[in-house]
Ligand SMILES: [Zn+2]
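Numbering (our numbering), first residue to last: 706 to 968.
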């Protein structure tokens with residue numbers, strides 16, 4: 706009898722201990738390190754630009770890079786730069802909200818010649834306000850036309866956008882904005898030509914920088930066109946409402962770089 710009671714007590718204890726163990730194990734399912742990795746990069750809170758370099762080892766350059774973008778365009782060296790030869794074509798409209806920007810993906814066939822090298826246009830996307838500033842001044846928006854050459858080097862052309870008249874091509878893009886994030890909207894029967902989003906006068910500044918989003922890879926050939934194009938207040942607001950946050954990385958130091966300006 707005593708042995709049986711002892712056995713029952715032992716069993717109860719064992720169950721209690723096991724239950725205790727199970728309880729203790731629960732928090733271990735989500736270790737702190739794992740929770741930390743779930744912070745996605747963005748433009749506010751823990752994932753804000755100031756923290757990008759610490760979010761993942763492959764984003765380290767965002768924090769330590771010395772040739773980063775964007776920059777404030779201030780001191781420039783005027784020189785005889787070749788004008789950029791744009792050879793863009795109509796491309797079927799494929800538009801996506803990737804959660805960080807609105808992006809138009811381009812089919813092969815559109816290219817630019819920059820400094821004697823040919824780069825294919827991959828995509829273009831938008832930021833509000835501008836990422837580059839000119840002597841500390843922001844424009845309302847900035848478009849980035851992202852190109853790649855055969856060697857895999859990137860060349861990005863930046864176009865400033867300021868409040869003014871409505872832009873027809875922007876309207877076509879904005880009328881076909883996808884409602885879902887990361888779902889590409891392939892719009893039947895509509896083609897766009899990015900040439901229509903370029904200003905007529907295309908003097909530019911040139912420097913070597915980086916991607917302005919993680920992993921912030923360097924060696925990007927940047928050309929920022931000085932003259933802005935115009936977009937309406939409504940078009941700017943529609944973009945800002947959709948993004949819900951300013952999607953511009955703050956400017957970074959020029960450090961030992963030279964910023965060239967076409968004459
Ligand atoms: Zn960009």
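We treat Cβ as the ideally placed atom computed from N, Cα and C, and that holds for glycine.
**Asked** Is the beta carbon of residue 908 less than 7 Å from the beta carbon of residue 835?
**Response** no
**Run of the beta strand (DSSP E) containing residue 1002, from where it starts to where it stops** = The structure shown has nothing for residue 1002, since the chain only spans 706 to 968.
**Message:** Please classify residue 847 as buried or exposed, where buried requires at least 16 neighbouring CB atoms within 10 angstroms.
**Reply:** buried
**Message:** Suppose you measure from the CA of residue 958 to the CA of residue 894; what does that come to, to the nearest Å?
**Reply:** 44 Å
**Request:** Confirm, please, whether the CB-CB distance from residue 935 to residue 863 is below 7 Å.
**Result:** no
**Request:** Let me know the secondary structure DSSP gives residue 755 once reduced to three states.
**Result:** helix
**Asked** If we ignore side chains and look at the alpha-carbon of each, how far apart do residue 794 and residue 856 end up?
**Response** 22 Å
**Asked** If you drop the 5 nearest sequence neighbours on each side, which residues of the same chain put their C-beta closer than 7 Å to that of residue 945?
**Response** 833
**Asked** Got a sec? Which residues, its chain only, sit under 6 Å from residue 950 by beta carbon, not counting five neighbours each side?
**Response** 748 and 749
**Prompt:** DSSP puts residue 760 in a beta bridge; with which residues?
**Reply:** The partner list for residue 760 (beta bridge, DSSP) is empty, contrary to what the question assumes.
**Prompt:** In chain order, what residues of the same chain lie with their CB nearer than 8 Å to the CB of residue 876, ignoring the 5 residues before and after it?
**Reply:** 940
**Message:** DSSP three-state label for residue 851, please.
**Reply:** strand
**Prompt:** Should residue 946 be listed as close to ligand 3, given that the test is whether its C-beta is under 6 Å from any heavy atom?
**Reply:** This structure lacks ligand 3; its bound ligands are ligand 1.
**Prompt:** Less than 7 Å separating the beta-carbons of residue 861 and residue 925?
**Reply:** yes
**Request:** Enumerate in chain order the residues of its own chain whose CB-to-CB distance from residue 728 is below 7 Å, with the five nearest sequence positions on each side excluded.
**Result:** Below a pLDDT of 50, predicted positions are generally treated as unreliable, and residue 728, at 40, falls in that range; no measurement from the model is reported.
**Message:** Helix, strand or coil for residue 858? Go by DSSP, reduced to three states.
**Reply:** coil
**Prompt:** Any contact of the stretch 890 to 905 with the stretch 792 to 806, i.e. 3+ C-beta pairs under 8 Å?
**Reply:** yes
**Prompt:** Heavy atom of ligand 1 less than 6 Å from the Cβ of residue 849, yes or no?
**Reply:** yes
**Asked** Does any heavy atom of ligand 1 sit closer than 6 Å to the C-beta of residue 781?
**Response** no
**Message:** ligand 1 and residue 917: does the residue's C-beta get closer than 6 Å to at least one heavy atom of that ligand?
**Reply:** yes
**Prompt:** What is the rounded straight-line gap between the Cα of residue 785 and the Cα of residue 910?
**Reply:** 11 Å
**Asked** Considering residue 894, what are the terminal residues of the beta strand (DSSP E) in which it resides?
**Response** 890 to 897
**Item:** Member of 823, 771, 867 and 874 whose CA lies at the smallest distance from the CA of residue 852
**Value:** 823
**Request:** Could you check how far apart the C-beta atoms of residue 829 and residue 849 are, in whole angstroms? I think they sit under 8 Å.
**Result:** 6 Å
**Request:** Per DSSP, which residues does residue 826 bridge with? Please list them.
**Result:** 852
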